[in-house]
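Visitor:
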Amino acid sequence: MAKESSRLVNPKEVASHPKYEVMIQEAIVTLNERKGSSRQAIKNYILTTYKLPDNNLTNKRLRLAVKKGVNNGLLFFPNGPSGTIKLIKKEQIKKEKEEPEKKEKPSFFQNGPSDTIKYVMIKKE
Numbered sequence: 001m002a003k004e005s006s007r008l009v010n011p012k013e014v015a016s017h018p019k020y021e022v023m024i025q026e027a028i029v030t031l032n033e034r035k036g037s038s039r040q041a042i043k044n045y046i047l048t049t050y051k052l053p054d055n056n057l058t059n060k061r062l063r064l065a066v067k068k069g070v071n072n073g074l075l076f077f078p079n080g081p082s083g084t085i086k087l088i089k090k091e092q093i094k095k096e097k098e099e100p101e102k103k104e105k106p107s108f109f110q111n112g113p114s115d116t117i118k119y120v121m122i123k124k125e
């Protein structure tokens with residue numbers, strides 16, 4: 001006979017806000033700063049818009065989402081990692097993916113070398 005589990009499985013809580021990556025992108029677009037948005041400005045926007053608590057867990061998730069966005073190629077730091085954060089435009093992503101055509105360099109001997117030189121090792125006795 002199979003023993004029934006006496007543990008109750010709680011349903012997973014659904015977040016009342018989107019993913020942090022989406023919230024960061026929305027904050028950068030909404031703030032619309034020319035040189036990019038600072039982490040503090042992004043954090044303040046997210047905290048006020050989505051009514052999140054200002055604690056270590058929120059800070060950690062925000063930091064990890066920024067790092068993930070940079071690694072995925074959605075965000076970049078124009079002034080270094082401690083500066084502002086900007087979104088990478090879709091046009092820039094397309095340009096990076098397109099590889100430039102490789103041009104053949106003219107070789108020194110276009111028709112092949114006229115005289116080939118062979119080196120032979122001579123043993124000294």
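When we follow full-length UniProt numbering, the leftmost residue of the sequence shown carries the number 1, and every step to the right adds one.
From the three backbone atoms N, C-alpha and C, an ideal C-beta is built for every residue, glycine too.
Kindly indicate which three-state DSSP category Ile85 falls into: helix, strand or coil?
Guide: Position 85 of the sequence shown, counting from 1, holds the residue named residue 85. Correct three-state label for Ile85: strand.
Visitor: For Leu57, count neighbouring C-beta atoms within 10 Å of its own C-beta (all shown protein chains included) and say buried if the count is 16 or more, exposed if not.
Guide: On the sequence shown, position 57 is the one that residue 57 refers to. Leu57 comes out exposed.
Visitor: Take Asn72 as the anchor and find which of Lys35, Leu87, Val9 and Gly80 has the nearest alpha-carbon.
Guide: Counting from 1 along the sequence shown, the entry for residue 72 is found at position 72. Here the closest residue by C-alpha is Leu87.
Visitor: Apart from the five residues just before and just after Ala41, which ones in its own chain have a Cβ nearer than 7 Å to its Cβ?
Guide: Here the question's residue 41 lines up with position 41 in the sequence shown. Excluding sequence neighbours, Ala41 sits near Leu31.
Visitor: Quick one: give me the first and last residue of the alpha helix (DSSP H) that Glu21 is part of.
Guide: For the purposes of this step, residue 21 is identified with residue 21 of the sequence shown, where counting begins at 1. First-last of the alpha helix (DSSP H) with Glu21: Tyr20 to Leu31.
Visitor: Which first and last residues belong to the alpha helix (DSSP H) in which Gly69 is found?
Guide: Looking up residue 69 in the sequence shown gives position 69. Start and end: Asn56 to Asn72.
Visitor: Given this structure, state the Cα-to-Cα distance separating Leu64 from Ile24, to the nearest angstrom.
Guide: Here the question's residue 64 lines up with position 64 in the sequence shown. Here the question's residue 24 lines up with position 24 in the sequence shown. Cα to Cα, Leu64 sits roughly 11 Å from Ile24.
Visitor: Would Leu74 and Glu21 qualify as a contact pair, given that the criterion is a beta-carbon distance under 9 Å?
Guide: Locating residue 74 in the sequence shown gives position 74, where the first residue counts as 1. Locating residue 21 in the sequence shown gives position 21, where the first residue counts as 1. Contact: yes.
Visitor: Hey, Phe76 and Gly83 are a contact pair by Cβ (cut 8 Å); roughly how many whole angstroms apart?
Guide: Residue mapping note: residue 76 aligns to position 76 of the sequence shown, counting from 1. Residue mapping note: residue 83 aligns to position 83 of the sequence shown, counting from 1. 10 Å between Cβ atoms; not a contact.
Visitor: May I ask which residues mark the beginning and end of the alpha helix (DSSP H) holding Ile46?
Guide: Position 46 of the sequence shown, counted from the start, is the residue given in the question as residue 46. Note, Ile46: alpha helix (DSSP H), Arg39 to Tyr50.
Visitor: So Ile28 and Ser37 are in contact, right, with Cβ under 8 Å, and what is the actual spacing, rounded?
Guide: Taking the first residue of the sequence shown as position 1, residue 28 is located at position 28. Taking the first residue of the sequence shown as position 1, residue 37 is located at position 37. That pair is a contact at about 5 Å.
Visitor: Going by Cα to Cα distance, which pick from Lys51, Lys43 and Met121 is closest to Asn59?
Guide: Indexing the sequence shown from 1 puts residue 59 at position 59. Of the listed residues, the one whose Cα sits closest to Asn59 is Lys43.
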